[in-house]
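S.K.:
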Amino acid sequence: MVTSSVYHSRADPPATEPDPMRQAPRQGLTLVEAVIASTFVALAALVALASLPALTFGSARARLRVEALHYAQSIVEEHRVAEWPTLASLPLRRSLPPRNMPGSSVILRPSIEYSAVPGFSASELLRIRVEVSWEERGGIARVQQETTLANVTGR
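Heads up: the sequence shown begins at 3 in the working numbering, then just goes up one per residue.
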């Protein structure tokens with residue numbers, strides 16, 4: 003009779019067959035998890051897309067206000083460099099010709115007002131106020147630019 007004994011070290015345990023009742027760790031998503039994740043992504047996209055019209059209107063409105071302010075400033079600068087007698091002979095309040103806003107159907111309507119500064123005569127110091135108005139969502143929007151001019155030539 004021949005007997006053999008096999009010695010197994012601790013580093014080399016005996017090979018065993020996998021237990022069929024034991025399952026490997028699960029990988030991936032189930033169908034229910036995928037549907038729930040897709041629903042959350044769709045809701046987030048819907049919220050983001052719903053806010054886009056308000057954002058684009060806000061940026062267009064801000065651009066329009068900036069353009070109107072630039073226009074008012076250019077009118078003030080034109081009158082700042084004009085000769086003093088020309089300024090003094092103009093009416094105290096008048097409307098200027100309307101101007102189309104570049105790249106849109108908005109019409110800018112400027113007006114200018116001259117007034118004396120309290121404590122000074124109109125030949126010494128003038129206040130110029132330019133107002134630009136336009137129609138916006140059923141209402142009137144306005145911007146103003148104001149400056150004071152001094153007659154340094156004494157004429």
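Cβ atoms here follow ideal geometry from the backbone N, Cα and C, with glycine treated the same way. Note that the structure is a prediction, hence the values are computed from the model and not measured.
What did DSSP end up calling residue 55 once you bin it into helix, strand or coil?
M.R.: By one-based count along the sequence shown, residue 55 stands at place 53. In the structure shown, residue 55 sits in a helix (DSSP, three-state: H, G or I).
S.K.: Have a look at 150, 145, 113, 143 and flag the residue whose alpha-carbon is nearest the alpha-carbon of residue 126.
M.R.: Counting from one through the sequence shown, the residue named residue 126 turns up at place 124. It is 150 whose Cα lies nearest to the Cα of residue 126.
S.K.: Of the residues 128, 115, 41, which one's Cα is nearest the Cα of residue 152?
M.R.: Locating residue 152 in the sequence shown gives position 150, where the first residue counts as 1. Comparing Cα positions, the closest option is 128.
S.K.: Tell whether a beta-carbon distance below 8 Å holds between residue 111 and residue 136.
M.R.: In the sequence shown, residue 111 corresponds to position 109, counting from 1. In the sequence shown, residue 136 corresponds to position 134, counting from 1. Yes. Within cutoff.
S.K.: Compute the beta-carbon to beta-carbon distance between residue 133 and residue 146, rounded to the nearest angstrom, for a pair I have assumed lies under 8 Å.
M.R.: For the purposes of this step, residue 133 is taken as residue 131 along the sequence shown, with counting starting at 1. For the purposes of this step, residue 146 is taken as residue 144 along the sequence shown, with counting starting at 1. Their Cβ separation, rounded to whole angstroms, is 5 Å, which keeps residue 133 and residue 146 in contact under 8 Å.
S.K.: Rank 56, 131, 62, 107 by C-alpha distance to the C-alpha of residue 118 and give the top, closest one.
M.R.: The count along the sequence shown starts at 1 and reaches residue 118 at position 116. Cα-wise, what sits closest to residue 118 is 131.
S.K.: Residue 98 and residue 109 look like a contact to me (Cβ under 8 Å); what is the Cβ gap, rounded to whole Å?
M.R.: On the sequence shown, position 96 is the one that residue 98 refers to. On the sequence shown, position 107 is the one that residue 109 refers to. With a Cβ gap of about 12 Å, residue 98 and residue 109 do not count as contacting.
S.K.: Could you round the C-beta distance between residue 73 and residue 94 to whole angstroms and report it? I think they count as a contact, below 8 Å.
M.R.: Here residue 73 refers to the residue found at position 71 when the sequence shown is read from its first residue. Here residue 94 refers to the residue found at position 92 when the sequence shown is read from its first residue. At roughly 21 Å, the Cβ-Cβ gap does not stay under 8 Å, so residue 73 and residue 94 are not in contact.
S.K.: Which residue from 120, 82, 64 puts its Cα closest to that of residue 144?
M.R.: Residue 144 sits at position 142 when you count from the first residue of the sequence shown. Residue 64 is the option with its Cα nearest to residue 144.
S.K.: Mind listing, in chain order, the continuous alpha helix (DSSP H) runs of no fewer than 4 residues lying wholly within the segment 63-107?
M.R.: Fully enclosed alpha helix (DSSP H) runs of 4 or longer: 86-91.
S.K.: Within the continuous beta strand (DSSP E) that includes residue 128, where are the two ends?
M.R.: Stepping through the sequence shown from its first residue, residue 128 is reached at position 126. 127-138 is the extent of the beta strand (DSSP E) around residue 128.
S.K.: Please look up how many angstroms separate the CB atoms of residue 79 and residue 103, rounded, as I've assumed it's under 8 Å.
M.R.: Here residue 79 is taken as the residue at index 77 of the sequence shown, counted from 1. Here residue 103 is taken as the residue at index 101 of the sequence shown, counted from 1. Between residue 103 and residue 79 the Cβ distance is about 19 Å, and since that is not below 8 Å, they are no contact.
S.K.: Determine which residues share a DSSP beta bridge with residue 117 and list them.
M.R.: Taking the sequence shown and counting its residues from 1, one reaches residue 117 at position 115. Answer by DSSP bridge pairing, in chain order: 129.
S.K.: Measuring only the C-alpha atoms, how far is residue 39 from residue 106?
M.R.: As a working note, residue 39 is residue 37 in the sequence shown. As a working note, residue 106 is residue 104 in the sequence shown. Their Cα atoms are separated by approximately 43 Å.
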